[in-house]
Amino acid sequence: MAGPLDGITVIEVSSWMFIPSAGAVLVDQGAAVLKIESPTTGDPQRGLVSSGLLPGGAEGVNFMMEQPNHGKQSVAIDIANPDGRAALLKLVETADVFLTNYLPQVRRKLGIDTEHIRAANPDIIIARGTGQGTRGPDAEKPGYDGSSYWARSGMASVMPENANGWPMGQPAPAFGDVMGGLAVAGAIGTALFKRQRTGEPSIVDVSLMATALWQNSPLVVASKLFGFSKIPQGGDRRQVPNPGVGNYRTADGRFIGLILLQSDKFWTELVTLLEKPEMATDERFVDAEARMANSIECVTLLDEAFAAHPLSHWREVLEGFSGAWTPFQTLDEIYEDPQSIANGYLPTMTAANGQEVHLVASPAQFDGESPEMTRCPGHGEHTDDVLLAAGYVMDQILELKLSGAIL
């Protein structure tokens, strides 16, 4: 089935993960994304395998390229070369979106800033990803998710500190990049809708810092209201307002998360399944107010109950429980999760080396369909085809190759 963005063409001039991940979301939704890469180096993220920074060796699957670049077309153009820049602007003429994470001073130097792109195509939507926004003293400074998203936004301040007092690092590579990319893709969809309705193209800006502030917005707002700068560390985990919201350890060292926001509604059912039915009528735990007043005793008894059996037991016992709960799954268990399988959250594609690889689909699904995955393109794989479709003839393409303007 064609995606909702079928027929939309995106020119992506970017590298690493933030903006390329936005392009991947647009691919999942049906857009044609032309990834513009340097003829000499390509996206620097391509080199992570050959440099040994990722496992697998030169012939392995570069998952840091495959995930944010699946389904795109790679067009190798040297934008610094006048003929290469002309080729890029030729592609811009018929595109719907120009997507970039290049810094403003780089865009100006290369002649691909807003006025240059709009001169080639007055109706194009321009989407820009930045570290900390397009205004202010640091608008032209670089930013990565480890700095702009994790550190500067205060995101790290809500995480537990390490034992030696150092702040926690990001829990995964590109942790903030992919969230920022999702925000960019969503904003582009809105801009396309606005253009269709009004005829006016937008300039879309999303920063990693703003994405983190939004993601952490309840605590950002609360910190000003109640005068705290970070989440207090330590303390007794049993001293909580609602023992029905928390994490509990099983006999085999695994963990279960309970999210019983309306705990009175589920309390009797829960403690019956936990083989502690007496907790339903014990005056210390009979309702939410009593449980809050006696939280240490309540959590202690819940700890004992969960610790009596392994996770496999609780998976079976709690299968029909009407309250919200979940095991803390390991990464490999996600592949066997029936919800992941049924909803197509991890579709497969065939990599260039012939290996079947699972990628993660972007979250939005349309008309009950999980997006179909195809591999990340090889460096410059589609240069000739894309330029031929844009109106170049083969003799012109050969001249561009000889001049170094394209690969």
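Quick note: the sequence shown, position 233, residue 308 per the numbering used here, numbers continuous. Glycine is no exception: its CB is placed at the ideal position from the N, C-alpha and C atoms. None of the values given here were measured: they were computed from a predicted structure.
Other residues of its chain near residue i: CB distance less than 6 Å, five sequence neighbours each side excluded
i	result
residue 322	330, 332
residue 154	160, 163, 185
residue 198	276
residue 441	79
residue 84	107, 170, 171
residue 373	318, 360, 366
Rounded C-alpha distance that separates residue i from residue j
i	j	result
residue 99	residue 413	25 Å
residue 236	residue 213	28 Å
residue 381	residue 388	10 Å
residue 120	residue 349	49 Å
residue 264	residue 97	11 Å
residue 423	residue 448	6 Å
residue 458	residue 325	55 Å
residue 377	residue 400	14 Å
residue 239	residue 383	33 Å
residue 191	residue 270	20 Å
residue 136	residue 452	12 Å
residue 478	residue 406	47 Å
residue 122	residue 115	12 Å
residue 428	residue 421	19 Å
residue 403	residue 336	19 Å
residue 482	residue 425	24 Å
residue 298	residue 149	45 Å
residue 104	residue 244	32 Å
residue 141	residue 247	16 Å
residue 112	residue 328	47 Å
residue 274	residue 390	54 Å
residue 411	residue 320	26 Å
Backbone secondary structure at residue i - three-state DSSP
i	result
residue 215	coil
residue 204	strand
residue 299	helix
residue 472	helix
residue 330	strand
residue 250	helix
residue 89	coil
residue 361	coil
residue 323	strand
residue 481	strand
residue 449	coil
residue 110	strand
residue 444	strand
residue 84	strand
residue 100	helix
residue 388	helix
residue 374	helix
residue 432	strand
residue 349	coil
residue 290	helix
residue 220	helix
residue 339	helix
residue 210	coil
residue 381	helix
residue 355	helix
residue 198	coil
residue 439	coil
Contact set for residue i: own chain, Cβ-Cβ below 7 Å, skip 5 residues either direction
i	result
residue 194	none
residue 180	215
residue 286	224, 251, 254, 255, 258
residue 352	346
residue 266	200, 277, 279
residue 102	108, 145, 146, 147
residue 393	348, 400
residue 375	313
Same chain, Cβ closer than 8 Å to residue i, five either side skipped, listed in chain order
i	result
residue 233	291, 294, 305, 306
residue 418	440, 445
residue 262	202, 279, 281
residue 117	149, 151, 454, 455
residue 396	341, 344, 345, 348
Check: residue i C-beta below 6 Å from any heavy atom of the ligand FMN
i	result
residue 196	The ligand FMN is not part of this structure, which contains no ligands at all.
### Query
Would you call the segment 308 to 322 and the segment 196 to 209 touching, i.e. three or more CB-CB distances under 8 Å?
no
### Query
Which whole runs of the alpha helix (DSSP H) in the segment 400 to 430 are 4 residues long or more, in chain order?
413 to 417
#### Entry: Contact between the segment 140 to 153 and the segment 433 to 440 (3+ Cβ pairs under 8 Å)
yes
### Query
When the Cβ atoms of the segment 462 to 469 are set against those of the segment 150 to 170, are three or more pairs found closer than 8 Å?
yes
### Message
Please give the ranges of any alpha helix (DSSP H) in the segment 114 to 194, keeping only runs that are unbroken, at least 4 residues long and fully inside the region.
### Response
122 to 125, 138 to 144, 157 to 167, 179 to 185
### Query
What are the start and end residues of each continuous alpha helix (DSSP H) run of 4 or more residues lying completely inside the segment 226 to 288, in chain order?
250 to 273
### Message
Three Cβ pairs or more, each shorter than 8 Å: is that satisfied between the segment 217 to 230 and the segment 289 to 299?
### Response
yes
### Message
Between the segment 172 to 184 and the segment 471 to 480, can you find at least three pairs of beta-carbon atoms closer than 8 Å?
### Response
no
### Query
Is it a yes or a no for the segment 302 to 311 touching the segment 349 to 366, going by three-plus beta-carbon pairs under 8 Å?
no
### the segment 253 to 263 in contact with the segment 83 to 98 per 3-pair CB rule at 8 Å
yes
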